[in-house]
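J.: Before we start, here is the structure in question, set down as structure tokens.
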Amino acid sequence: MARWRCSATPTATSGTCCNMPPDSKHVDQPAGSGNGMLAIERHRHHDLPQARREQLRALAGEAFDRFPIVRETRWATPDWTFLGTDDRGELACFYHLVERVVRMDGQPVAVAGLHNLITTQPYRGRGLASELLAATGQVWFSAMAARYGLLLCAGALVPFYERLGWQRVSAEVRFEQPGGMRTWTAECMLLDPAGDAVDPAVVDLCGLPW
Ligand SMILES: CC(C)(COP(=O)(O)OP(=O)(O)OC[C@H]1O[C@@H](n2cnc3c(N)ncnc32)[C@H](O)[C@@H]1OP(=O)(O)O)[C@@H](O)C(=O)NCCC(=O)NCCS
């Protein structure tokens, strides 16, 4: 069973973490299923200590910087970071989240943008990334009031995310770059909390991608 520790400005005194507003503090409480290894913390990204931010940036670089599309794209700054640590406090996995109102077929839609989901090498293949997402996904749709989760990924990752309930969409995905608007050429996936089908024709990320 994963355990939650939230770190942000305290404003609420009761409730479960998944139902608390984004700037609520602290809960040590079960969240989701899993294999029992993870303690989960949620931080505002800009509040993370510099050393932690550098560690996460280095891990993302190891994972993604070999891809030209990653190096050549200007990415959004995350709003939130979710950390999964083991029982010795070692970082096992993490992801960043971007809160954004995008436009789907011209309509404004609040999304939780999943960015840089990474499990550190020694912890891979134990279900931890799946556990971290399963344990934290509900907060996107409650406290953060997102309508959908939205991620961009390579085709190879589609089956992994489909197992977690995400849907591949064939929408044209547009985003901003310093040189003007671009179109995403790899995969875009959406997560509907009720599992309903969703299939927009055009998604405008209304800013930098994640
Ligand atoms: C993808 C990743 C986060 C999975 O973490 P994890 O804790 O090992 O994940 P889980 O144990 O919950 O699930 C493992 C599954 O991930 C999928 N997976 C992992 N790496 C993959 C890859 N390079 N291509 C396709 N699928 C992959 C497989 O389906 C795997 O299942 P298997 O072990 O039966 O083959 C991890 O491998 C990682 O950090 N990779 C580098 C960064 C990355 O690609 N992140 C995804 C960004 S969209």
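Residue numbering for the sequence shown follows UniProt numbering, starting at 1 and increasing by one per position.
Glycine included, every Cβ here is placed at the ideal spot set by N, Cα and C.
Just so you know, these numbers come straight off a predicted model, no measurement behind them.
Could you give the DSSP three-state label for T136: helix, strand or coil?
T.: In the sequence shown, counting from the first residue as 1, residue 136 sits at position 136. Of the three classes helix, strand and coil, the one that applies to T136 here is helix, per DSSP.
J.: Check whether the Cβ atoms of residue 217 and I40 lie closer than 7 Å to each other.
T.: Absent from the structure is residue 217, since the part of the chain shown begins at 1 and ends at 210.
J.: What is the C-beta distance between G165 and L191, in whole angstroms, given that I count them as a contact (C-beta under 8 Å)?
T.: The sequence position of residue 165 within the sequence shown is 165, counting from 1. The sequence position of residue 191 within the sequence shown is 191, counting from 1. Yes, G165 and L191 are in contact; Cβ-Cβ is about 6 Å, under 8 Å.
J.: From Y123, P78, D47, pick the residue whose C-alpha is nearest to that of D87; which is it?
T.: Here residue 87 corresponds to residue number 87 of the sequence shown, with the count starting at 1. That would be Y123, whose Cα lies nearest to the Cα of D87.
J.: What's the gap between the Cα of R53 and the Cα of S170?
T.: On the sequence shown, position 53 is the one that residue 53 refers to. On the sequence shown, position 170 is the one that residue 170 refers to. If I take the Cα positions, the gap works out to 33 Å.
J.: Listed by chain order, which residues have C-beta atoms less than 5 Å from any heavy atom of ligand 1?
T.: With the cut-off at 5 Å, the residues found are A63, L117, I118, T119, R124, G125, G127, L128, A129, S130, C153, A156, L157, F160.
J.: Express the C-alpha separation of G179 and M144 in angstroms, rounding to a whole number.
T.: In the sequence shown, residue 144 corresponds to position 144, counting from 1. In the sequence shown, residue 179 corresponds to position 179, counting from 1. Roughly 31 Å separates the two Cα atoms.
J.: Mind the definition here: the segment 65-73 touches the segment 101-120 only if three or more C-beta pairs lie below 8 Å; say whether that holds.
T.: Judged by Cβ distances under 8 Å, the segment 65-73 makes no contact with the segment 101-120, as fewer than three pairs qualify.
J.: Nearest to A105 by CA position, among G155, C153, V203, is which residue?
T.: Numbered from its first residue, the sequence shown carries residue 105 at position 105. With the sequence shown as reference, residue 105 is identified as Asp, and Ala is not the correct amino acid for it. Here the closest residue by C-alpha is V203.
J.: Please return the same chain residues whose Cβ sits closer than 6 Å to the Cβ of L205, not counting the five positions on each side in sequence.
T.: Taking the sequence shown and counting its residues from 1, one reaches residue 205 at position 205. Counting only Cβ-Cβ distances below 6 Å, and skipping sequence neighbours, we find V102, F175.
J.: For E187, I'd like the list of residues in its chain whose CB is within less than 8 Å of its CB, leaving aside the five on either flank, ordered along the chain.
T.: To locate residue 187, count along the sequence shown from 1; it is residue 187. Around E187: L152, C153, A154, G155, L157, V158, R168.
J.: Would you kindly work out how many angstroms separate the C-alpha atoms of H96 and H43, rounded to a whole number?
T.: Numbered from 1 along the sequence shown, position 96 holds the residue referred to as residue 96. Numbered from 1 along the sequence shown, position 43 holds the residue referred to as residue 43. Using only the alpha carbons, I get a separation of about 10 Å.
J.: Between G84 and A112, is the Cβ-Cβ spacing less than 7 Å?
T.: Sequence index remark: in the sequence shown, residue 84 carries index 84 (1-based). Sequence index remark: in the sequence shown, residue 112 carries index 112 (1-based). Cβ atoms of G84 and A112: not closer than 7 Å.
J.: Can you tell me whether F160 is buried or exposed, with buried defined as 16 or more other CB within 10 angstroms of its CB?
T.: Counting from 1 along the sequence shown, the entry for residue 160 is found at position 160. So F160 counts as exposed.
J.: V70 lies in the alpha helix (DSSP H); which residues open and close that run?
T.: As a working note, residue 70 is residue 70 in the sequence shown. 68-71 is the span of the alpha helix (DSSP H), which, as asked, contains V70.
J.: Taking all protein chains shown into account, do 16 or more other C-beta atoms lie within 10 angstroms of the C-beta of G195, making it buried, or fewer, making it exposed?
T.: Against the sequence shown, residue 195 aligns to sequence position 195. Under this definition G195 is an exposed residue.
J.: Taking all protein chains shown into account, decide if M181 is buried (16 or more other Cβ within 10 angstroms of its Cβ) or exposed.
T.: As a position in the sequence shown, residue 181 is number 181, starting the count at 1. Flag for M181 reads exposed.
J.: My understanding is that H115 touches W4, with C-beta atoms under 8 Å, so please give their C-beta distance in whole angstroms.
T.: As a working note, residue 115 is residue 115 in the sequence shown. As a working note, residue 4 is residue 4 in the sequence shown. Wrong, their Cβ atoms sit about 20 Å apart, outside the cutoff.
J.: Residue range of the beta strand (DSSP E) that G155 falls in?
T.: Position 155 of the sequence shown holds residue 155. It is not in any beta strand (DSSP E) - G155 carries neither H nor E in the DSSP assignment.
J.: Fully enclosed by the UniProt domain "N-acetyltransferase" (43-191), which beta strand (DSSP E) runs are 3 residues long or longer?
T.: Listed in chain order, they are 80-85, 91-104, 107-119, 148-153, 167-169, 172-177, 180-183, 187-191.
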